[in-house]
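Asks: Quick one: the structure is below, and I'll ask about it shortly.
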Amino acid sequence: MSEMTFTPSVSGLTLEEKASLTSGADFWTTKAVPSAGIPSIMMTDGPHGLRKQAGDTDHLGLASSIPATCFPPAVGLGSSFDPELARRVGVALGIESAAQNVAVLLGPGINIKRSPLCGRNFEYFSEDPLVSGVMGAALVRGIQSQAVGASLKHFAANNQETDRLRVSSDVAPRPLREIYLRAFQRVVQDAQPWTVMCAYNRINGVYASEDPWLLTTVLRDEWGFEGLVVSDWGAVNDRVAGVRAGLDLEMPSSGGRTDAQLVEAVRTGALDEAALDAVAQRVVDLVGKAHSTSDEIEPDLDAHHALAREAAGRSIVLLRNEEGILPLSAETSRIAVIGEFAEKPRFQGAGSSLINPTRVDTALGAIRAAATGRVDHARGFSTSGEMDGDALREEAVRVAGEAEVAVVFLGLPAEEESEGFDRTHLELPDAQLRLIDEVVAANARTVVVLSNGGVVTLPFRDRVPAILEGWLLGQAGGSATADVLFGKVNPSGRLTETIPLRLVDAPSYGNFPGEFGHVHYGEGILVGYRWFDARDLAVAYPFGHGLSYTDFVYGSAAVEVIDDGLLVRVPVTNSGSRAGREVVQAYVSVPDSQVERAPRALVGFASVEIAAGSTVEVVLEIRRSDLAYWDIRVDDWVVEPGEYRIEVGASSRDIRAAATVQLVGEPNRAPLSRESSLAEVMAVPAAAAELHRVLAESERSLLRSADAEMVKLIGSFPLSRLSVLDPALNEKGIERIVASST
Ligand code: BGC
Numbered sequence: 092m093s094e095m096t097f098t099p100s101v102s103g104l105t106l107e108e109k110a111s112l113t114s115g116a117d118f119w120t121t122k123a124v125p126s127a128g129i130p131s132i133m134m135t136d137g138p139h140g141l142r143k144q145a146g147d148t149d150h151l152g153l154a155s156s157i158p159a160t161c162f163p164p165a166v167g168l169g170s171s172f173d174p175e176l177a178r179r180v181g182v183a184l185g186i187e188s189a190a191q192n193v194a195v196l197l198g199p200g201i202n203i204k205r206s207p208l209c210g211r212n213f214e215y216f217s218e219d220p221l222v223s224g225v226m227g228a229a230l231v232r233g234i235q236s237q238a239v240g241a242s243l244k245h246f247a248a249n250n251q252e253t254d255r256l257r258v259s260s261d262v263a264p265r266p267l268r269e270i271y272l273r274a275f276q277r278v279v280q281d282a283q284p285w286t287v288m289c290a291y292n293r294i295n296g297v298y299a300s301e302d303p304w305l306l307t308t309v310l311r312d313e314w315g316f317e318g319l320v321v322s323d324w325g326a327v328n329d330r331v332a333g334v335r336a337g338l339d340l341e342m343p344s345s346g347g348r349t350d351a352q353l354v355e356a357v358r359t360g361a362l363d364e365a366a367l368d369a370v371a372q373r374v375v376d377l378v379g380k381a382h383s384t385s386d387e388i389e390p391d392l393d394a395h396h397a398l399a400r401e402a403a404g405r406s407i408v409l410l411r412n413e414e415g416i417l418p419l420s421a422e423t424s425r426i427a428v429i430g431e432f433a434e435k436p437r438f439q440g441a442g443s444s445l446i447n448p449t450r451v452d453t454a455l456g457a458i459r460a461a462a463t464g465r466v467d468h469a470r471g472f473s474t475s476g477e478m479d480g481d482a483l484r485e486e487a488v489r490v491a492g493e494a495e496v497a498v499v500f501l502g503l504p505a506e507e508e509s510e511g512f513d514r515t516h517l518e519l520p521d522a523q524l525r526l527i528d529e530v531v532a533a534n535a536r537t538v539v540v541l542s543n544g545g546v547v548t549l550p551f552r553d554r555v556p557a558i559l560e561g562w563l564l565g566q567a568g569g570s571a572t573a574d575v576l577f578g579k580v581n582p583s584g585r586l587t588e589t590i591p592l593r594l595v596d597a598p599s600y601g602n603f604p605g606e607f608g609h610v611h612y613g614e615g616i617l618v619g620y621r622w623f624d625a626r627d628l629a630v631a632y633p634f635g636h637g638l639s640y641t642d643f644v645y646g647s648a649a650v651e652v653i654d655d656g657l658l659v660r661v662p663v664t665n666s667g668s669r670a671g672r673e674v675v676q677a678y679v680s681v682p683d684s685q686v687e688r689a690p691r692a693l694v695g696f697a698s699v700e701i702a703a704g705s706t707v708e709v710v711l712e713i714r715r716s717d718l719a720y721w722d723i724r725v726d727d728w729v730v731e732p733g734e735y736r737i738e739v740g741a742s743s744r745d746i747r748a749a750a751t752v753q754l755v756g757e758p759n760r761a762p763l764s765r766e767s768s769l770a771e772v773m774a775v776p777a778a779a780a781e782l783h784r785v786l787a788e789s790e791r792s793l794l795r796s797a798d799a800e801m802v803k804l805i806g807s808f809p810l811s812r813l814s815v816l817d818p819a820l821n822e823k824g825i826e827r828i829v830a831s832s833t
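Under the numbering used here, the sequence shown has 376 at position 285, and the numbering climbs by one with no breaks.
Written as structure tokens, this is what we have:
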């Protein structure tokens, strides 16, 4: 496909042609309408590489796909906290897609990691909506800069794999807006993805694929989304209801079955033809935007591999580093590299995002290439269980004992986490836990490198001097790991999710994965670190945590109110002897808020490179909208007046500076009614004054003489029921008070 010319309107098309446009031709492409010159376009996975299938097709990562660069999945890339890096990865993804005539890449996935057990957490960025939104928007910008569309998924509240095609995520308005929709809102408003993919699940009982509130009221009317809504593959329940709700394109093909339903519905008057015209038009608009020029694009796969390596290095989180055991010297006389993952890396997750990499670096190979001394390898354990575990462990312990330092690669076996199912526990396999205990006993200078898409508990963490959280790092993860181990890259990744001590501490525990088709989001807005902080629970490693090979010292923070938010300034000094990156984080709390607030909510962050010995003044711009809560009384965002405390730090539990500001905020817009309580009336000055006037006119007012104690006692009485205490509060008096507030 090069430049395309066709009629950009559906007005001349037949009813059948319009209906046909709104569902796939096959697994990955839309239908052409030759009579109108409308070509077909291809959309395919995503998100961290291109999964273009040349032969058999599926959405489970079963059949093979053409080779493409496998970048770190979102669990890794998110840890960089660096939108510029994400944008660059997006550009590379866009180039590889365009070169293959792919019009839309199905990603990024930005669902919130509600539970550490979600099998697909590796494909999502964070437990925090700001991180998810900022990183997601950057990726979309990068992809779309190459004239390839992104598909923001899975809209919305798709936070588990269990029963994902039917389950209803039962979530109250505040967490829905403040946690689960917030990142989608940000990406839509900041980056206008060409498409949004609706989720499989239901939200409060309604399928996302046929929810007019979600797909039209919120997405288009409130947020101003201009693109197309595509169904997740097989998410359509009722096609006619979907069109009415604003679902534009059903994927994959329904073999013509649902197109016929649409035609029939228009003919019988059950569906307004204008609704079909609108969705068909959006398909045509998308086709119009897509004009890849495959002949001219030859992706530089070496450069993309180098970028994948850079991104992987930036994704690694140094959790612990006692007595500076890391970085290792390349001249270390003898290094024992232990663990199956050193040789057979786990670098991506299973399911629809499974990329066929252009090449794969192993950590063992990269360590051998970097080290000048001797490097021995022992497998240590077998994830398949096919080999003698005792013999493998004994050999590893012996090799570790003879070495100057042991580097042990542990992680989750591939079959323990995937799209399609959730995990049931957070533990590493017993064989690995036993191995690490015995290796540390044989050699105290032991470094652990982890490979896992979702968090794991780390019972050995206090006994091992250094731990690198390597997540899933994409095809260049092996060499990036060596870069960090030997200090060629100074680690700067930070945790985008809390590593808990125990599964039972997790916010969704007891409410995950639900039962009989419903999952209750009982923790409300207290998701991730918001919960751990509110409950003051000990954690293994907090949100935002990550060490460096250098040290950063924070000066005092200054906060200034600007038109559309706050400006936070804080000087950060690299007090060590090597250059490094610090991820500076700003959290807000609203001490006198009238609603429940998290003790700390991330409102700004920046990954900043600072030369050794230098000081950088870090400026964080905090959007006013990120200070707002969702007010269920007025169904809108509200920035309440009062004191806002901004804490700046190196993690949610490592606050280095703080400052407070007063915000004028917005007047209370919740209208008073006869059901408003006395306390609510007293909080509105005009209404309180009118109340006093009404009472002053009364002959016999008990309330007029009420002291503060009495008001406290009866503050919860609605106006409508106060006549018991004061006859002046009759219907007329109440009407006057209510009217005075508007
Ligand atoms: C996944 C989507 C994916 C689609 C196409 C679905 O099963 O949920 O994320 O894009 O398949 O492979």
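For glycine and all other residues, C-beta sits at the position ideal for the given N, C-alpha and C.
#1: Pull up the distance between the alpha-carbon of Gln-283 and that of Ile-426, whole angstroms please.
#2: Consult DSSP for Met-92 and reduce its assignment to one of helix, strand or coil.
#3: Are the CB atoms of Ala-469 and Ile-429 nearer to each other than 9 angstroms?
#4: Taking the straight line between their C-alpha atoms, what separation do you get for Met-92 and Gly-569?
#5: Is Glu-107 near Ser-126, with beta carbons less than 9 angstroms apart?
#6: Is the distance from the Cβ of Gly-128 to the Cβ of Lys-122 below 9 angstroms?
#7: Are the segment 447–464 and the segment 551–569 in contact at 8 angstroms, needing three or more beta carbon pairs?
#8: Can you tell which of Arg-827, Gly-637 and Glu-495 has the C-alpha that lies nearest to the C-alpha of Ser-742?
#9: Looking at the ligand BGC, does it come within less than 8 angstroms of Tyr-291, judged from the CB to the closest heavy atom?
#10: Which two residues bound the contiguous alpha helix (DSSP H) that contains Ser-831?
#11: Quick one: give me the first and last residue of the alpha helix (DSSP H) that Ala-522 is part of.
#12: Count the other CB atoms, across all protein chains shown, that sit within 10 Å of the CB of Glu-389; report buried if there are 16 or more and exposed otherwise.
#13: Classify Val-607: buried if its beta carbon has 16 or more other beta carbons within 10 angstroms, exposed otherwise.
#14: Tell me whether Thr-453 sits in a helix, a strand or coil according to DSSP, three-state version.
#15: According to DSSP, is Met-133 helix, strand or coil?
#16: Against chain D, with Cβ distances strictly below 9 angstroms, would Asp-717 count as a contact?
#17: Just tell me which of Arg-669, Ala-748 and Gly-695 has its CA closest to the CA of Gly-646.
#18: Could you spell out the range, first to last residue, of the beta strand (DSSP E) harbouring Lys-244?
#19: Could you tell me whether the Cβ atoms of Pro-556 and Arg-536 are closer together than 9 angstroms?
#20: Are three or more beta carbon pairs between the segment 718–737 and the segment 674–685 nearer than 8 angstroms?
#21: With a threshold of 6 angstroms on Cβ separation, who are the neighbours of Ala-830 within its own chain once the five nearest residues in sequence on each side are excluded?
#22: Suppose you measure from the CA of Ala-263 to the CA of Arg-293; what does that come to, to the nearest Å?
#23: Mind checking Glu-708: buried by the 16 CB within 10 Å criterion, or exposed?
#24: Helix, strand or coil: how does DSSP classify Met-226 here?
#25: Would the beta-carbon of Leu-141 fall within 9 angstroms of that of Thr-160?
#26: Within the continuous beta strand (DSSP E) that includes Thr-548, where are the two ends?
#27: Would DSSP call Gly-388 helix, strand or coil?
#28: How should Ser-764 be labelled, buried or exposed, when 16 other C-beta atoms within 10 angstroms of its C-beta is the threshold for buried?
#29: With a threshold of 8 angstroms (Cβ to nearest heavy atom), would Glu-364 be considered close to the ligand BGC?
#30: Where does His-396 land, buried or exposed, given buried means 16+ other C-beta within 10 angstroms?
#31: Can we say the segment 584–594 touches the segment 616–636, given the rule of at least three CB pairs closer than 8 angstroms?
#32: Tell me the DSSP secondary structure of Ser-236 in three-state form.
#33: Take Arg-465 as the anchor and find which of Val-755, Ala-677, Ile-825 and Val-490 has the nearest alpha-carbon.
Replies: So, from the data block:
#1: Along the sequence shown, one-based indexing puts residue 283 at 192. Along the sequence shown, one-based indexing puts residue 426 at 335. Near 49 angstroms, if we compare the C-alpha coordinates of Ile-426 and Gln-283.
#2: The residue labelled residue 92 in the question sits at position 1 within the sequence shown. Residue placement at Met-92 is flagged as unreliable, the pLDDT there being 45, under the threshold of 50; a coordinate-derived value is accordingly withheld.
#3: Counting from one through the sequence shown, the residue named residue 469 turns up at place 378. Counting from one through the sequence shown, the residue named residue 429 turns up at place 338. A contact, by the Cβ cut-off of 9 angstroms.
#4: By 1-based counting over the sequence shown, the position of residue 92 is 1. By 1-based counting over the sequence shown, the position of residue 569 is 478. Unreliable positioning characterises Met-92 in this predicted model, as indicated by a pLDDT of 45, which lies under 50. A coordinate reading is not provided.
#5: Taking the first residue of the sequence shown as position 1, residue 107 is located at position 16. Taking the first residue of the sequence shown as position 1, residue 126 is located at position 35. It is not a contact, given that the beta carbons lie outside the stated cut-off.
#6: One-based indexing of the sequence shown puts residue 128 at position 37. One-based indexing of the sequence shown puts residue 122 at position 31. Not in contact: Gly-128 and Lys-122 (Cβ atoms no closer than 9 angstroms).
#7: Yes, they touch.
#8: Position 651 of the sequence shown, counting from 1, holds the residue named residue 742. Minimum Cα distance to Ser-742 is reached at Gly-637.
#9: Numbered from 1 along the sequence shown, position 200 holds the residue referred to as residue 291. In this structure, the ligand BGC has a non-hydrogen atom nearer than 8 angstroms to the beta-carbon of Tyr-291.
#10: Within the sequence shown, numbered from 1, the residue matching residue 831 stands at position 740. Start and end: 822–831.
#11: Stepping through the sequence shown from its first residue, residue 522 is reached at position 431. 521–533 is the span of the alpha helix (DSSP H), which, as asked, contains Ala-522.
#12: By 1-based counting over the sequence shown, the position of residue 389 is 298. An exposed status is given to Glu-389, since fewer than 16 other beta-carbon atoms sit within 10 Å of its beta-carbon.
#13: Within the sequence shown, the letter at position 516 stands for residue 607. It should be noted that the sequence gives Phe, not Val, for residue 607. Under this definition Phe-607 is an exposed residue.
#14: Along the sequence shown, one-based indexing puts residue 453 at 362. It is coil, neither helix nor strand.
#15: Mapped onto the sequence shown, residue 133 falls at position 42. In this structure, Met-133 counts as strand in the three-state DSSP scheme.
#16: Among the chains in the structure shown there is no chain D, since it carries only a single protein chain.
#17: Position 555 of the sequence shown, counted from the first residue, corresponds to residue 646. Nearest of Arg-669, Ala-748 and Gly-695 to Gly-646, Cα basis: Ala-748.
#18: As a working mapping, residue 244 is identified with position 153 in the sequence shown. Unbroken beta strand (DSSP E) run through Lys-244: 240–246.
#19: Taking the sequence shown and counting its residues from 1, one reaches residue 556 at position 465. Taking the sequence shown and counting its residues from 1, one reaches residue 536 at position 445. Annotated as proximal: Pro-556 and Arg-536, with beta-carbon spacing under 9 angstroms.
#20: yes
#21: Along the sequence shown, read from residue 1 onward, the residue named residue 830 stands at position 739. Cβ within range, chain order: n/a, list empty.
#22: Taking the first residue of the sequence shown as position 1, residue 263 is located at position 172. Taking the first residue of the sequence shown as position 1, residue 293 is located at position 202. If you take the alpha carbons of Ala-263 and Arg-293, they lie about 14 angstroms apart.
#23: In the sequence shown, residue 708 corresponds to position 617, counting from 1. Exposed is the call here.
#24: Stepping through the sequence shown from its first residue, residue 226 is reached at position 135. It is helical.
#25: The sequence position of residue 141 within the sequence shown is 50, counting from 1. The sequence position of residue 160 within the sequence shown is 69, counting from 1. It is a contact, given that the beta carbons lie within the stated cut-off.
#26: Within the sequence shown, residue 548 is the residue found at index 457, counting from 1. Taken as a continuous stretch (DSSP letters only), Thr-548 belongs to no beta strand (DSSP E), as it is neither H nor E.
#27: Here residue 388 refers to the residue found at position 297 when the sequence shown is read from its first residue. A quick correction: the sequence has Ile, not Gly, at residue 388. Note: Ile-388 maps to coil in three-state DSSP.
#28: Working through the sequence shown from its first residue, we reach residue 764 at position 673. With fewer than 16 neighbouring CB atoms inside 10 Å of its own CB, Ser-764 falls in the exposed class.
#29: Counted from its first residue, the sequence shown places residue 364 at position 273. For the ligand BGC, not one heavy atom lies less than 8 angstroms from the Cβ of Glu-364.
#30: Taking the sequence shown and counting its residues from 1, the one referred to as residue 396 is at position 305. Flag for His-396 reads buried.
#31: Three or more Cβ pairs closer than 8 angstroms define a contact, and the segment 584–594 meets that threshold against the segment 616–636.
#32: By 1-based counting over the sequence shown, the position of residue 236 is 145. The answer is coil: DSSP assigns Ser-236 none of H, G, I, E or B.
#33: Within the sequence shown, numbered from 1, the residue matching residue 465 stands at position 374. Closest option to Arg-465, Cα to Cα, is Val-490.
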